[in-house]
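The sequence shown: position 376 = 905 (the numbering used here), numbered continuously.
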Amino acid sequence: MSDRTVIQANSVGPILAAAGASGTWDWDIAADRLYIDKHFAELYGISPEATADGLPTGTFFQAIHPEDRARIRIAVAGILAGAELFSKEFRVVTRTGVTLWMHGRGQCHLNADEEPVRFTGLLVDVTERRRAEERLRIAQTAGGVGTFEYVDGFATVSVSEEFCRVLGLHPAIVLPVQTINGVLADGAASLVPEPRDGQVPASLDGEFLITRQDDGSARWIARRGEIIRQGAGYRLIGVIYDVTATKQQEAALRELNDTLESRVEQEVAIRQKAEEALRQAQKMEAVGQLTGGIAHDFNNLLMAIMSSLTLLQKRLPPDAATDRLIDHAMQGAHRGAALTQRMLAFARRQDLSSERLMVPELVAGMVDLVERTLGPAWSLDLAFPDSLPPVLADANQLEMAILNLAVNARDAMPGGGVIRITAAQYNAGDADVGGLAGGSYIALSVIDTGEGMDEDTLARATEPFFTTKGVGKGTGLGLSMIHGLAKQLGGSFTLHSTPGRGTHAMLWLPVAQSAAEMPSPQPVSSEARAASGPLKVLAVDDDGLILMNTAALLEDLGHEVLEASSGEMALEFLRMHADIDVLITDQAMPIMTGTQLADLATALRGDLPIILASGYGDIPPGSQQRIVKLGKPFTQAMLEDALLEALGS
530 MSDRTVIQAN
540 SVGPILAAAG
550 ASGTWDWDIA
560 ADRLYIDKHF
570 AELYGISPEA
580 TADGLPTGTF
590 FQAIHPEDRA
600 RIRIAVAGIL
610 AGAELFSKEF
620 RVVTRTGVTL
630 WMHGRGQCHL
640 NADEEPVRFT
650 GLLVDVTERR
660 RAEERLRIAQ
670 TAGGVGTFEY
680 VDGFATVSVS
690 EEFCRVLGLH
700 PAIVLPVQTI
710 NGVLADGAAS
720 LVPEPRDGQV
730 PASLDGEFLI
740 TRQDDGSARW
750 IARRGEIIRQ
760 GAGYRLIGVI
770 YDVTATKQQE
780 AALRELNDTL
790 ESRVEQEVAI
800 RQKAEEALRQ
810 AQKMEAVGQL
820 TGGIAHDFNN
830 LLMAIMSSLT
840 LLQKRLPPDA
850 ATDRLIDHAM
860 QGAHRGAALT
870 QRMLAFARRQ
880 DLSSERLMVP
890 ELVAGMVDLV
900 ERTLGPAWSL
910 DLAFPDSLPP
920 VLADANQLEM
930 AILNLAVNAR
940 DAMPGGGVIR
950 ITAAQYNAGD
960 ADVGGLAGGS
970 YIALSVIDTG
980 EGMDEDTLAR
990 ATEPFFTTKG
1000 VGKGTGLGLS
1010 MIHGLAKQLG
1020 GSFTLHSTPG
1030 RGTHAMLWLP
1040 VAQSAAEMPS
1050 PQPVSSEARA
1060 ASGPLKVLAV
1070 DDDGLILMNT
1080 AALLEDLGHE
1090 VLEASSGEMA
1100 LEFLRMHADI
1110 DVLITDQAMP
1120 IMTGTQLADL
1130 ATALRGDLPI
1140 ILASGYGDIP
1150 PGSQQRIVKL
1160 GKPFTQAMLE
1170 DALLEALGS
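Spelled out as structure tokens, the structure:
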């Protein structure tokens, strides 16, 4: 290269640097030497003195970032092969380790024979612009906003990366107008409007339904922007963003407004159903109370009939025909007593007869009944471990609970299946069951593989009157009665269920005490009956008919009877007669109940034996240990046994 050429290259450097350049170069293609100014040298970490005679041309690539170097080599090779213009952005790593973005712009100079002889150019630092673009890209990505620019007359559109992402296109910086408008679902409009008969679009604001090109999903896109007029043409600068969620909310709101009236009607209907369910529950509660009251009064009537028949049979002379009539009447009275027990069971006031039961034996004894109830499409699978201890429960009630659970399991498997019944022993601390007191329990399980229940249904399964069965196919009382039975027996009832996999019902029952620890009622021996002498008995009942018949039964047994029609009168008798041997009282009396009277009587006479006569099964807590329970209606023999038990004979 001539001295003039070097001078020109070096003299133009400061001017270009002042214009924003970070360095200039002059590449002598024929001599294969590179001449650079001091700014270029400083950027590349080369001593300015070493540049006077030029540098190897490979120096040009020395500071370019490794990831960009191959791309720039290819571009420079094109220049050396005769291409005229060079314009590339690439990264440069300075000698201090800082990475800068540079825009290299150069030109190839040809000789008279059209052969490339020189490659000159300059570097412009565009780091701040690239950083600003990156910040803008991040902001656009975060906000889901894509930008575009279109100049009238061109077939392509300059776009951002986020623009492509919104439309589901591969990232690009330039896209054909036809490609962009091809994403429209209806084809009725243009996302990038083109001139029609020379008319400039009135506005860029609009919303479009598109089909994303990556997943084929339908999305709503909003377009906003500005139209810049340029003589007869124009330039469009705008943004697009996804408004599908907003569109869906607007549609939902319109639907809500359109269906508001029907929704109100539905809510009213739901409330009416809830109110009806509440009325039904209240009605059933009232029916239960009424039934219990009727059973109590009926028991009193039966009591009068049975006691009168007993005394009448003893006092009439022997006669076969008369005895037969009295026996028939007594059988009818006993039938009535059984009926009242069923009525009390419905009212949940029945007396549970808890006893030691072996669960495997109880279940085995009812297999025929269960199988006939289930039908031929269902079978039982019984599995019980050896040496399972007995439980303390009412046999009849437990059988009803097992049968109820088996029927529920059958209904959950309408196509038939196997119902598994098993049991296992647990300690309260080992079992994840709330509400169990300390001790050992038997968990009786009934398992099906049927439809199962979801969480909402499972949470309400033991609620009274809740049922998933059709109208007329279930009362909604089965599981709630099992739950109540378990609680009454000192256990618990749990349900585990998964939709589509089945239900596992577990009835937790306390293990019975050993036979030696169990207090068992001792039968009254004939010697004890003979040894019991005449007693002075205080009989209390607010029903005069019952009081008279009770007194008659006691007197027939040879006892002296004091009759009181209220608790207050009974207390007066106790204060006046210190020689009263035993108190027998009705429970359901106005003003003062039988247990309240028992408490006050015990305060006067701590050693006084007390018999509580009641048709109900429940006695208030705290009274069971010192009161002998006598169920109504009772016979003379039952009354005599209660007297002997109270006296400890």
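Note that beta-carbon positions come from the ideal geometry of N, C-alpha and C, so glycine has one too.
In this text, all values refer to a predicted model and were calculated from it rather than measured experimentally.
Original post:
Thinking just about the alpha-carbon of each residue, which of Ala774, Thr1079, Arg660, Ile593 is nearest to the one in Pro1162?
Top reply: What you label residue 1162 is simply residue 633 of the sequence shown in a count that begins at 1. By alpha-carbon distance to Pro1162, the top candidate from Ala774, Thr1079, Arg660, Ile593 is Thr1079.
**OP:** Quickly, what does DSSP pair Ala1142 with across the bridge? List them, please.
**Re:** As a first step, residue 1142 must be located in the sequence shown, where it is residue number 613. Its beta-bridge partners are Asp1115, Leu1159.
**OP:** For the alpha helix (DSSP H) holding Asp1108, just list the boundary residues, first then last.
**Re:** Sequence index remark: in the sequence shown, residue 1108 carries index 579 (1-based). Note, Asp1108: premise wrong, no alpha helix (DSSP H); not H, not E.
**OP:** Keeping to the same chain, check which residues put their C-beta closer than 6 Å to that of Met982; ignore five residues upstream and five downstream.
**Re:** Position 453 of the sequence shown, counted from the start, is the residue given in the question as residue 982. Excluding sequence neighbours, Met982 sits near Ser1026.
**OP:** Excluding the 5 residues preceding and the 5 following Gln1165 in the sequence, name in chain order all residues of the same chain whose CB lies nearer than 6 Å to its CB.
**Re:** Looking up residue 1165 in the sequence shown gives position 636. Excluding residues within five positions, the ones whose Cβ falls inside 6 Å are Thr839, Leu1082.
Subject >> Own chain, CB closer than 7 Å to Gln742, minus 5 neighbours either side, in chain order >> reply: On the sequence shown, residue 742 is found 213 positions in, with the first residue counted as 1. Taking Gln742 as the centre and dropping the five residues before and after it, the same chain places the C-beta of Leu696, Gly697, Leu698, Val712 closer than 7 Å to its C-beta, in chain order.
Original post:
For the candidate residues Gly1087, Met1118, Ala966, Asn937, whose alpha-carbon lies nearest to that of Val1069?
Top reply: Along the sequence shown, read from residue 1 onward, the residue named residue 1069 stands at position 540. Per the Cα distances, Met1118.
**OP:** Would you grab the beta carbon distance between Leu733 and Gly767 for me? Rounded to a whole angstrom, and I think it's under 8 Å.
**Re:** If you number the sequence shown from 1, residue 733 lands on position 204. If you number the sequence shown from 1, residue 767 lands on position 238. In this structure, Leu733 and Gly767 form a Cβ contact; the two beta carbons are roughly 5 Å apart against a cut-off of 8 Å.
**OP:** Would you identify the three-state DSSP class for Asn956, choosing helix, strand or coil?
**Re:** In the sequence shown, counting from the first residue as 1, residue 956 sits at position 427. If DSSP states are grouped into helix, strand and coil, Asn956 belongs with the strands.
**OP:** Answer yes or no: does any C-beta atom of chain B fall closer than 9 Å to that of Ile931?
**Re:** Among the chains of the structure shown, chain B does not appear; only one protein chain is present.
Original post:
Is Pro1048 helix, strand or coil by DSSP?
Top reply: Reading the sequence shown from its first residue, position 519 is the one you call residue 1048. Only weak support is given to the placement of Pro1048: the predicted model assigns it a pLDDT of 48, under 50, and the question is left unresolved by the model.
**OP:** State whether the stretch 830-845 contacts the stretch 783-798, with contact taken as three or more CB pairs (one from each stretch) at a distance under 8 Å.
**Re:** Touching, no, given that fewer than three Cβ pairs across the two stretches are closer than 8 Å.
Subject >> At least three beta-carbon pairs within less than 8 Å, the stretch 889-900 to the stretch 915-929 >> reply: Cβ pair count under 8 Å is three or more, so yes.
**OP:** Check His1033 in the structure and name its three-state DSSP category.
**Re:** One-based indexing of the sequence shown puts residue 1033 at position 504. Looking at His1033 - three-state DSSP - the assignment turns out to be strand.
Original post:
Between the stretch 594-607 and the stretch 568-585, are three or more C-beta pairs nearer than 8 Å?
Top reply: Using a C-beta cut-off of 8 Å, the stretch 594-607 makes no contact with the stretch 568-585, since fewer than three inter-stretch Cβ pairs fall below that distance.
Subject >> Cα-Cα separation between Arg1058 and Gln1125, rounded to whole angstroms >> reply: Start at 1 with the first residue of the sequence shown, and residue 1058 comes out as number 529. Start at 1 with the first residue of the sequence shown, and residue 1125 comes out as number 596. For Arg1058, the predicted model reports a pLDDT of 46, less than 50, meaning its position is unreliable; a value from the coordinates is still stated below. If you draw a straight line from the Cα of Arg1058 to the Cα of Gln1125, it comes to about 30 Å.
Subject >> DSSP three-state assignment for Ala547, whether helix, strand or coil >> reply: Along the sequence shown, one-based indexing puts residue 547 at 18. Only weak support is given to the placement of Ala547: the predicted model assigns it a pLDDT of 46, under 50, and the value that follows is read from those uncertain coordinates. Judged by DSSP in its simplified three-state form, Ala547 adopts helix.
Original post:
How many whole angstroms separate the CB atoms of Glu736 and Ala751, which I take to be in contact at a CB cut-off of 8 Å?
Top reply: By 1-based counting over the sequence shown, the position of residue 736 is 207. By 1-based counting over the sequence shown, the position of residue 751 is 222. Indeed they touch by this definition, with Cβ atoms about 5 Å apart.
Original post:
Is the stretch 633-651 touching the stretch 603-620, taking contact as three or more C-beta pairs under 8 Å?
Top reply: A contact exists between the stretch 633-651 and the stretch 603-620.
Original post:
Hey, would you say Arg620 sits closer than 9 Å to Glu596, going by beta carbons?
Top reply: Taking the first residue of the sequence shown as position 1, residue 620 is located at position 91. Taking the first residue of the sequence shown as position 1, residue 596 is located at position 67. Yes, these two residues count as a Cβ contact at 9 Å.
Original post:
Just checking my contact of Gly946 with Gly979 at CB under 8 Å: how many whole Å lie between their CB atoms?
Top reply: Within the sequence shown, numbered from 1, the residue matching residue 946 stands at position 417. Within the sequence shown, numbered from 1, the residue matching residue 979 stands at position 450. Confirmed, about 7 Å.
Original post:
Per DSSP, which one or two residues make a beta bridge with Glu618?
Top reply: Numbered from its first residue, the sequence shown carries residue 618 at position 89. In the DSSP assignment, the residues bridged to Glu618 are His632.
Subject >> Cβ neighbours of Thr588 in the same chain (closer than 8 Å, five flanking residues each side left out) >> reply: Counting from 1 along the sequence shown, the entry for residue 588 is found at position 59. Closer than 8 Å at the Cβ level, and outside the excluded window around Thr588, lie Leu563, Ile565, Tyr573, Ile575.
**OP:** Under the assumption that Asp1179 contacts Leu1064 (Cβ atoms under 8 Å), give the Cβ distance between them as a whole number of angstroms.
**Re:** Any question about residue 1179 goes unanswered here, given that the chain covers just 530 to 1178.
Original post:
Which value, in whole angstroms, describes the spacing of the CA atoms of Leu898 and Phe1022?
Top reply: Residue mapping note: residue 898 aligns to position 369 of the sequence shown, counting from 1. Residue mapping note: residue 1022 aligns to position 493 of the sequence shown, counting from 1. Those two C-alpha atoms are separated by around 23 Å.
**OP:** Using 10 angstroms around the beta-carbon of Asp848, count the other beta-carbons present and answer buried if the total reaches 16, otherwise exposed.
**Re:** The count along the sequence shown starts at 1 and reaches residue 848 at position 319. Of the other Cβ atoms in all chains shown, fewer than 16 fall within 10 Å of the Cβ of Asp848; this residue is therefore exposed.
Subject >> Pairwise C-alpha distance: Val920 and Gly1001 >> reply: Counting from 1 along the sequence shown, the entry for residue 1001 is found at position 472. Counting from 1 along the sequence shown, the entry for residue 920 is found at position 391. No answer about Gly1001 holds up, because its pLDDT of 45 lies below 50 and its placement is not dependable.
Subject >> Sheet register partners of Ile649 (DSSP bridge) >> reply: Along the sequence shown, read from residue 1 onward, the residue named residue 649 stands at position 120. As written in the sequence, residue 649 is Thr, which differs from the Ile given in the question. Beta-bridge pairing links Thr649 to Asp555, Gln636.
Subject >> Integer Cβ distance of Ser974 from Thr951, believed to fall under 8 Å >> reply: Position 445 of the sequence shown, counting from 1, holds the residue named residue 974. Position 422 of the sequence shown, counting from 1, holds the residue named residue 951. Taking 8 Å as the upper bound for CB-CB distance, Ser974 and Thr951 are in contact here, some 5 Å apart.
Subject >> Three-state secondary structure assigned by DSSP to His1025 >> reply: One-based indexing of the sequence shown puts residue 1025 at position 496. Strand at His1025.
**OP:** Just the C-alpha distance for Met1167 and Leu1100, rounded to the nearest angstrom, thanks.
**Re:** Locating residue 1167 in the sequence shown gives position 638, where the first residue counts as 1. Locating residue 1100 in the sequence shown gives position 571, where the first residue counts as 1. For Met1167 and Leu1100, the distance between alpha carbons rounds to 25 Å.
Original post:
To the nearest whole angstrom, what separates the beta carbons of Ala1093 and Gly1019, a pair I think is in contact under 8 Å?
Top reply: Along the sequence shown, read from residue 1 onward, the residue named residue 1093 stands at position 564. Along the sequence shown, read from residue 1 onward, the residue named residue 1019 stands at position 490. With 8 Å as the limit, Ala1093 and Gly1019 do not qualify as a contact, their Cβ atoms being about 36 Å apart.
Original post:
Going by Cα to Cα distance, which pick from Ala953, Ala731, Thr902 is closest to Leu934?
Top reply: As a position in the sequence shown, residue 934 is number 405, starting the count at 1. It is Thr902 whose Cα lies nearest to the Cα of Leu934.
Subject >> Boundaries (first-last residue) of the beta strand (DSSP E) holding Leu1091 >> reply: For the purposes of this step, residue 1091 is taken as the residue at position 562 of the sequence shown. Leu1091 -> beta strand (DSSP E) spans 1089-1093.
Original post:
What are the boundary residues of the beta strand (DSSP E) that Ala1130 is part of?
Top reply: Position 601 of the sequence shown, counted from the start, is the residue given in the question as residue 1130. Careful: Ala1130 lies outside any beta strand (DSSP E), inside the alpha helix (DSSP H) at 1123-1133.
Original post:
Quick one, which of Leu609, Ala938, Ile558 has its alpha-carbon nearest Leu584's?
Top reply: Within the sequence shown, the letter at position 55 stands for residue 584. Closest by alpha carbon: Ile558.
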